[in-house]
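Enquirer: Below you will find the structure I want to go over with you.
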DNA sequence: CAGAAAACCGGCGGTATTGCCTGTTTTATG
DNA sequence: CATAAAACAGGCAATACCGCCGGTTTTCTG
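Set out below in structure tokens:
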């Protein structure tokens, strides 16, 4: 899908890329809210609850994601909650979709803004730095909680793993699409991306022990390793 | 146990290193069990419960680490459980110590065995490979659960963070001690270690999405990057 | 304006988990 | 052997969470 042309400026590529990737990750029934007041209000409270759920995940972990906490944080009654999400799993499934979508959205916003401000910098560097910043967001913290919980919760995994796989597919496909210069080396590109994902998430995990200095050093080393991946094949 | 002698230098360093590191990480009151039958039996059931707790962590996550589950898996009564660990937090604290100690023990066993079998290989490679194998153990899975839970559970964090910090200190100190060849480049060594820790733990997290091939490729790239760290300064 | 539909409200019972408590058995000690 | 102490056993109340339910308010529709 989406065989648009990339004429020149990467910002052009940026906006079409943004639309395409967000469309691929957007939760169903979330495309262009209708003018009906009921449905607008409904989507609004639904979003309030999802954001409250993300707060719960970030502050109290997956086991702190209880229906009562979410309802209290979102300032909605338990009845309203039940109306939108009949069971807790329904809520969790919606949270999974929401978190992945938000991760994609926030990364793209940050990355495109960074590209607009640093026109002469290496795209690889900008992308890597933007990815590291995205790992430090609360959305990524929520993702981490879900990812770890999905390892041991089979019911959660049935919704999490497909979403994670879809995110990964959209990510790699669009990376190939938006860097036509290296299209013939897409394997090296994917490897660099996988590499950054692994290093950055591992750093997030060990940040409390490593401290700022060691984290920064590892970031530096990994970035040079990623640059090396492109140099060796270029 | 297993105090076989290795005539060569680094293996000699190995056994003393093993003893030193294990002594530094061993939970208090666990050094050389006394001949008292009561205390031996006590330590035995205590260990049964700790291992059952690790099983709970691996299979059901931190929220699945309930007193009832542990008692059932360990085949001890809830009363006996309460006798050894008055409250759940006491159990969790003991589990934290146990997991860190086991991680250290299993890594050293594997690493020293690998050194004994591949006398001509690069130590850096052997250490990196052993570290990756250690990340795939159930003990590391338990560690991951605890590490993520500690991010949001303040009470757990009060016992987890000091233990993690101590593990890190022992790790880096002994690394410097047992690689005297690079003693003047201990910063690069530490950096390589941090790098491997970050990449490997991140890979563990994304393994279900990446799949075996991509994991292997990232492992390969990271190992070459680590080798490069030593070459550039050597 | 009347009826339907959608959104919202708060309470109830069942289940699970935790902490504490009173006994019982086994081992150590004088 | 007697007594103390340690290890073990299981029951009970309190709490929290979940799913479900009938009832209420607000918005849409003819």
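Protein chains in written order, with the working numbering: chain A, 1326 to 1559; chain B, 1326 to 1559.
Virtual Cβ for every residue (Gly too), placed ideally from N, Cα, C.
1) Check whether chain A comes within 8 Å of residue 1442 of chain B, counting only Cβ atoms and requiring the distance to be less than that.
2) For residue 1531 of chain A, return the contacting residues in chain B, with the cut-off set at a CB-CB distance below 9 Å.
3) Whose Cβ in chain B lies nearer than 9 Å to the Cβ of residue 1425 of chain A?
4) For the stretch 1467-1517 of chain B, list the alpha helix (DSSP H) runs that are entirely contained and at least 4 residues long, ordered along the chain.
5) Determine the direct distance from the alpha carbon of residue 1460 of chain A to that of residue 1435 of chain A, and round the result to whole angstroms.
6) Is it buried or exposed, residue 1402 of chain A, if we count other Cβ atoms within 10 angstroms and call 16 or more buried?
7) Report the CB separation of residue 1499 of chain A from residue 1342 of chain A in whole angstroms; it is logged as a contact under 8 Å.
8) Give a yes or no on whether the C-beta atoms belonging to residue 1527 of chain A and residue 1414 of chain B are separated by under 8 Å.
9) Taking Cβ to Cβ, would you say residue 1468 of chain B is nearer than 8 Å to residue 1495 of chain B?
10) Is residue 1533 of chain B helix, strand or coil when you go by DSSP?
11) For residue 1526 of chain B, does the three-state DSSP call read helix, strand or coil?
12) Would you kindly work out how many angstroms separate the C-alpha atoms of residue 1442 of chain A and residue 1448 of chain A, rounded to a whole number?
13) Pull out every residue of the stretch 1381-1398 of chain A whose Cβ sits closer than 9 Å to any Cβ of chain B, in chain order.
14) My assumption, with CB atoms under 8 Å, is that residue 1465 of chain A sits in contact with residue 1490 of chain A. Please give the rounded CB distance.
15) From the DSSP output, in three-state form, read off residue 1353 of chain A for me.
16) Provide the residue span of the alpha helix (DSSP H) that contains residue 1404 of chain B, from first to last.
17) Mind listing the chain A neighbours of residue 1546 of chain B? Cutoff is C-beta to C-beta under 8 Å, in chain order.
18) Which word fits residue 1478 of chain B, buried or exposed, when buried means at least 16 other C-beta atoms lie within 10 angstroms of its C-beta?
19) With DSSP collapsed to three states, give me the class of residue 1430 of chain A.
20) What number of angstroms, rounded off, separates the C-alpha of residue 1451 of chain B from the C-alpha of residue 1399 of chain A?
21) Within 10 angstroms of its Cβ, does residue 1408 of chain B collect 16 or more other Cβ (buried), or is it exposed?
22) Using 8 Å as the limit for Cβ to Cβ distance, is residue 1510 of chain A near chain B?
23) Looking at residue 1406 of chain B and residue 1391 of chain B, is the spacing between their C-beta atoms short of 8 Å?
24) How many whole angstroms separate the CB atoms of residue 1462 of chain B and residue 1431 of chain B, which I take to be in contact at a CB cut-off of 8 Å?
25) Between which two residues does the alpha helix (DSSP H) harbouring residue 1392 of chain A extend?
26) Report yes or no: is there a C-beta of chain A within less than 8 Å of the C-beta of residue 1543 of chain B?
27) Over the uninterrupted alpha helix (DSSP H) stretch that includes residue 1451 of chain B, give me the two end residues.
28) Cβ closer than 8 Å: which chain B residues qualify as neighbours of residue 1486 of chain A?
29) Could you check which residue in B:1367, B:1385 and B:1509 has the C-alpha nearest to that of residue 1474 of chain B?
30) Secondary structure at residue 1341 of chain B, three-state DSSP: helix, strand or coil?
31) Measuring only between beta-carbons, confirm whether residue 1331 of chain B sits less than 8 Å from chain A.
32) Any idea what DSSP makes of residue 1316 of chain B, helix, strand or coil?
33) Can you pull the chain A neighbours of residue 1469 of chain B, defined as C-beta to C-beta under 7 Å?
34) Are the stretch 1542-1550 of chain B and the stretch 1511-1520 of chain A in contact at 8 Å, needing three or more beta carbon pairs?
35) Within the same chain, show all residues whose beta-carbon is closer than 6 Å to that of residue 1383 of chain A, passing over the 5 residues directly before and after it, in chain order.
Expert: Taking the coordinates as given:
1) no
2) 1472, 1489, 1493, 1519, 1522, 1523 and 1526
3) Result: empty, since nearest Cβ-Cβ is about 12 Å, beyond 9 Å.
4) The qualifying runs are 1479-1503.
5) 12 Å
6) exposed
7) The beta-carbon distance between residue 1499 of chain A and residue 1342 of chain A, rounded to whole angstroms, is 6 Å. This is short enough to meet the 8 Å contact definition.
8) no
9) no
10) helix
11) Helix, per DSSP.
12) 12 Å
13) 1382, 1383, 1384, 1385, 1386, 1387, 1388 and 1389
14) At roughly 18 Å, the Cβ-Cβ gap does not stay under 8 Å, so residue 1465 of chain A and residue 1490 of chain A are not in contact.
15) Here residue 1353 of chain A sits in coil by DSSP.
16) For residue 1404 of chain B, the enclosing alpha helix (DSSP H) begins and ends at 1403-1409.
17) 1516, 1520, 1550 and 1554
18) buried
19) helix
20) 52 Å
21) exposed
22) no
23) No, these two residues do not count as a Cβ contact at 8 Å.
24) 6 Å
25) 1392-1399
26) Yes, its Cβ sits closer than 8 Å to a Cβ of chain A.
27) 1448-1460
28) Simply 1533 and 1534.
29) Per the Cα distances, B:1385.
30) helix
31) Confidence is the limiting factor: at residue 1331 of chain B the pLDDT is only 34, short of 50, which leaves the residue's position unreliable and the question unanswerable from this model.
32) Here chain B has residues from 1326 to 1559 only, and residue 1316 of chain B is not among them.
33) 1473
34) yes
35) Excluding residues within five positions, the ones whose Cβ falls inside 6 Å are 1463, 1466 and 1467.
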